[in-house]
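Novice: If you're matching positions, the sequence shown starts at 1 in the working numbering and goes up one per residue.
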Amino acid sequence: MNILFIGDIVGKPGRQAVAALLPSLKREHHLDCVIANGENAAHGSGMTTATAKELLAAGIDVITTGDHVWDQKGFEEEIENLPQVIRPANMATSAPGRGSVVINIGDKARVGVLNLQGRVFMPATDCPFRAAQTEVAKLRRQTNMIVVDLHAEATSEKIAMGRYLDGQVSLVVGTHTHVQTADEQILPKGTAYLTDAGMCGPHDSVLGRDVNMVIRKFVSGMPQRLEVATGKVELCGVVVEMDELTGLAQKIIRVRIPYAL
Ligand SMILES: [Fe+2]
Ligand SMILES: [Fe+2]
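(1) Rounding to the nearest angstrom, what Cα-Cα distance links I252 and A109 in this structure?
(2) Just curious, the alpha helix (DSSP H) that H29 is in, first and last residue?
(3) Are three or more beta carbon pairs between the stretch 35-46 and the stretch 60-67 nearer than 8 Å?
(4) In this structure, what does DSSP give as the bridge partners for D149?
(5) Can G198 and G7 be called in contact, C-beta distance under 9 Å?
(6) Give the secondary structure of M199 by DSSP, where H, G and I count as helix, E and B as strand, and everything else as coil.
(7) Which stretch, first to last residue, makes up the beta strand (DSSP E) that contains T51?
(8) Within 10 angstroms of the Cβ of M242, are there 16 or more other Cβ atoms? Answer buried if so, exposed if not.
(9) Can you tell which of V238, V214, A131, R140 has its C-alpha closest to the C-alpha of E184?
(10) Between the stretch 143-163 and the stretch 111-125, are three or more C-beta pairs nearer than 8 Å?
(11) Judging by CA-CA distance, which residue of D107, G46, M91, A58 is the nearest neighbour of W70?
(12) Classify K12 as buried or exposed, calling it buried when 16 or more other Cβ atoms lie within 10 Å of its own Cβ.
(13) Hey, would you say H74 sits closer than 9 Å to R87, going by beta carbons?
(14) From which residue to which residue does the beta strand (DSSP E) around A260 run?
(15) Taking the alpha-carbon positions, what's the T49 to A57 distance?
(16) What residues are listed by DSSP as bridge partners for L82?
(17) For ligand 1, is there a heavy atom less than 8 Å away from the beta-carbon of G298?
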């Protein structure tokens, strides 16, 4: 079973790159399942029903999110009608939406996806480790093939989660920093790991945003509108081959593909 996980999709350029590149990626890597973080898919911040549907129609099976999930007005209600879109499981128990999902791949196979959010340099949430323990136990009753997106800032917290879940899930991958790391590996007990998948968005930018606007914000210290940048896009992510019985990883390949709009 081969899955592709794509890092934070940023705005329209990111969505267009996904739609354009996914068919050839599916052929090249014999993909059975595609998961992507979509927290920046709607104009760089948050998600809407329309952007979610656009990404699902482009061939994504599950969309994870993060700290920007509620940035678009009304999405806290819309998420209830989008079962393939999940938000961090360790948000308040009263938060709308769900933190994990299990999808069917063909007749027999099932893949579970769990979304978590870190607590280091991030908005307050419940403990991601405790949430991981509960949710992974729940998912493992349905499938051994489990992908975990830990949406977090700190490398240490992400590596610790990888080690904490090693042998229990197929992949622990980080999102949120928008910068891909080069530490892909299969951990000692068989879980694939990558600290950050990177983003799918405009490369000539600061994390997908217009360079001059971001510099102006830092230099002036004043509020500043941050538009999504234009120009060449990069789709960043990771392909993992997993054993259908054990769920453990057999291969992990980092992908970083340029795309000119
Ligand atoms: Fe993001
Ligand atoms: Fe984020």
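Even glycine gets a Cβ: it sits at the ideal position worked out from N, Cα and C.
Specialist: Answer, in terms of the structure:
(1) Within the sequence shown, residue 252 is the residue found at index 252, counting from 1. Within the sequence shown, residue 109 is the residue found at index 109, counting from 1. Going by the C-alpha atoms only, they are around 20 Å apart.
(2) As a working mapping, residue 29 is identified with position 29 in the sequence shown. 11-29 is the span of the alpha helix (DSSP H), which, as asked, contains H29.
(3) yes
(4) Looking up residue 149 in the sequence shown gives position 149. DSSP output for D149 lists N115, V173 as bridge partner(s).
(5) The residue you call residue 198 lines up with position 198 of the sequence shown. The residue you call residue 7 lines up with position 7 of the sequence shown. Yes, Cβ-Cβ distance for G198 and G7 is below 9 Å.
(6) In the sequence shown, residue 199 corresponds to position 199, counting from 1. The answer is coil: DSSP assigns M199 none of H, G, I, E or B.
(7) To locate residue 51, count along the sequence shown from 1; it is residue 51. Premise fails: T51 lies in the alpha helix (DSSP H), 49-57, not in any beta strand (DSSP E).
(8) Locating residue 242 in the sequence shown gives position 242, counting from the first residue. With 16 or more other Cβ atoms within 10 Å, it is buried.
(9) To locate residue 184, count along the sequence shown from 1; it is residue 184. Out of V238, V214, A131, R140, V238 has the C-alpha closest to the C-alpha of E184.
(10) yes
(11) On the sequence shown, position 70 is the one that residue 70 refers to. Answer by Cα proximity: G46.
(12) On the sequence shown, residue 12 is found 12 positions in, with the first residue counted as 1. Looking at its Cβ environment, which holds 16 or more other Cβ atoms inside 10 Å, K12 is buried.
(13) Indexing the sequence shown from 1 puts residue 74 at position 74. Indexing the sequence shown from 1 puts residue 87 at position 87. According to the sequence shown, residue 74 is Gly rather than His. No, the pair does not count as a contact, with Cβ atoms beyond the cut-off.
(14) Here the question's residue 260 lines up with position 260 in the sequence shown. Here A260 belongs to no beta strand (DSSP E), and DSSP marks it neither H nor E.
(15) Numbered from its first residue, the sequence shown carries residue 49 at position 49. Numbered from its first residue, the sequence shown carries residue 57 at position 57. Near 12 Å, if we compare the C-alpha coordinates of A57 and T49.
(16) In the sequence shown, counting from the first residue as 1, residue 82 sits at position 82. Beta-bridge pairing links L82 to no other residue.
(17) As displayed, the chain neither begins before 1 nor continues past 261, which places residue 298 out of reach and without an answer.
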